[in-house]
Amino acid sequence: MQSVTLSREQQNLFDYIEQSENNIFITGRAGTGKSTLLSYLVENTKKNVAVCAPTGVAALNVGGVTIHSLFGFPFGILAEQDLARHMNKRTREVLSALDVLIIDEVSMVNADLMDAISRAMGIARGRRKLPFGGAQVVMFGDPYQLSPVPGNNEERNHMSENYQSSWFFDARVWREDSLERFELGEIFRQSDEDFKAILNAIRIGEVDQQMLDTLNAAGNRFPSHDEIIRLATINASVDKINKERMNQLTTKPKTFEAIFSASDETAFGRTLPAEPSLELKVGAQVMFIKNDDGKRTADGLVRRWVNGTIGKVVDMPSSGGVVVEVDGERLDVGKATWEKVRYEIDEEFDEETGRVKEVLVTIPLAEYQQIPLRLAWSVTIHKSQGQTYDEAVIDLGRGAFSPGQTYVALSRIRSLEGLYLTRAIRQQDVMVDKDVIRFMSGVRSPIDS
């Protein structure tokens with residue numbers, strides 16, 4: 001396991017979480033290290049924690065489970081559901097044993113689901129009158145980047161009739177319980193102060209025309225080479241570009257089939273972590289979709305690539321796997337493994353107290369193995385979430401159509417020098433949800449010490 005060094009504000013926030021029992025929401029602009037802090041917290045906390053996320057891919061990325069699988073929730077409106085009926089003995093035991101529930105990408109959780117989480121934990125822990133059954137909840141996410149999935153007409157009507165908004169922060173539980181809000185401020189992705197200021201203005205919807213002029217002047221040029229990744233708003237544009245570029249290659253295609261350890265792929269839900277059949281050619285531009293587990297060297301465990309690294313396929317040996325060239329270095333890439341897990345109770349000896357205590361452990365349920373690559377001449381803005389590029393072409397097409405979309409696209413890039421635009425960015429491309437502005441006005445910086 002690689003050691004992680006936290007910044008001072010990350011360390012301060014970790015220390016505060018460790019000594020606090022308060023419910024905490026942690027946010028931050030793109031590139032401020034939210035995921036780093038979450039991973040460090042899971043690995044180093046002395047508390048019993050369970051990690052969950054609203055989607056299967058998000059859960060896999062943090063080594064956790066989906067909210068619905070952790071709690072046994074059915075899909076749809078949960079307000080009138082008999083939640084106790086859906087929780088088996090193991091679920092109740094796990095929820096009773098945890099000290100902290102960690103929720104990643106919480107901005108995708110709607111208010112109805114947040115209230116259901118609180119009710120279910122109260123039932124499982126035998127403390128129905130206490131929010132979340134008295135457990136601590138620590139949540140990570142950026143409402144300026146991702147929003148709740150709208151749902152069907154019935155779900156949308158329910159949200160509008162019963163909540164101020166569909167956002168997690170407007171759940172009823174927060175009328176009974178306080179939520180501390182902290183925003184990480186130090187950005188590790190960009191160093192240009194002017195670019196950071198423009199990105200922040202776009203994030204909160206306060207960009208002026210001069211800032212847009214600066215962006216458009218920087219991006220109004222042809223890409224320096226044709227391998228620069230293109231970020232587009234819709235799947236159709238992405239698929240078209242990747243298909244065209246693949247067809248231009250005259251090399252022989254090779255297909256890599258995923259391997260399931262479970263009876264079928266439904267074990268991983270509706271969204272698979274990688275393509276079940278991946279076709280590649282020598283010369284194809286690809287992106288890694290999973291961090292390298294690490295290669296052991298004399299200097300310790302070295303990670304050769306991270307989620308989002310761009311490279312080119314240079315060989316597909318008959319012995320298996322793929323050779324990808326990244327910045328002049330040839331990397332041997334075999335099948336990666338994604339695990340679907342569940343939480344169970346185990347016991348371990350506590351040397352400090354001299355007693356045996358209950359701990360939460362993850363038990364593998366199923367494995368999915370595939371070459372951790374996807375074609376990457378183009379990707380959707382949504383799938384670029386959490387990634388960093390030295391250069392990118394931003395293609396907003398007919399216009400951004402969801403709040404935060406333009407911010408997500410622009411904030412993937414390290415500097416203005418790496419920005420290319422297919423068209424000028426307009427004021428109407430910068431959209432921010434008014435409910436997010438209301439909620440985020442209450443965030444503060446981590447405790448300084």
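The sequence shown lines up with residues 1 to 449 when you count with UniProt numbering. No residue lacks a Cβ here, since even glycine has one placed at the ideal position from N, Cα and C.
Residue 198 sits in a helix when the DSSP states are folded into three classes.
In terms of Cβ geometry, residue 139 and residue 100 do not form a close pair [threshold 7 Å]. Proximity of the segment 111-130 to the segment 363-370 falls short of the contact definition, fewer than three beta-carbon pairs being nearer than 8 Å. By the neighbour-count criterion, in which 16 or more other beta carbons inside 10 Å mark a residue as buried, residue 444 falls on the exposed side. Per DSSP, the unbroken alpha helix (DSSP H) holding residue 239 starts and ends at 235-248. Your pair residue 391 and residue 186 does not check out as a contact, with CB atoms roughly 24 Å apart and the cut at 8 Å.
Fewer than three beta-carbon pairs drawn from the segment 54-66 and the segment 79-87 are found closer than 8 Å, and the two stretches are therefore not classed as touching. In the three-state reduction of the DSSP assignment, residue 311 falls in the strand class, which pools E and B. In this structure, the straight-line span from the alpha carbon of residue 436 to that of residue 385 is close to 19 Å. Per the coordinates, the alpha-carbon of residue 374 lies some 41 Å from the alpha-carbon of residue 162. Here residue 160 is exposed. Its C-beta has fewer than 16 other C-beta atoms within 10 Å. Note that the segment 266-283 does not touch the segment 404-417; fewer than 3 beta-carbon pairs, one per stretch, sit closer than 8 Å. When only Cα atoms are considered, residue 280 and residue 395 end up about 25 Å apart.
Between residue 145 and residue 389 the beta-carbon gap is near 16 Å, outside 8 Å, which marks them as no contact. Taken through DSSP and simplified to helix, strand or coil, residue 370 comes out as strand. DSSP lists 363 as the beta-bridge partner residues of residue 342. Here the alpha carbons of residue 269 and residue 428 stand approximately 36 Å from one another. Using a C-beta cut-off of 8 Å, the segment 126-141 makes contact with the segment 13-27, since at least three inter-stretch Cβ pairs fall below that distance. DSSP places residue 254 in the strand class (E or B) of the three-state scheme. The alpha-carbon separation between residue 420 and residue 359 amounts to approximately 50 Å.
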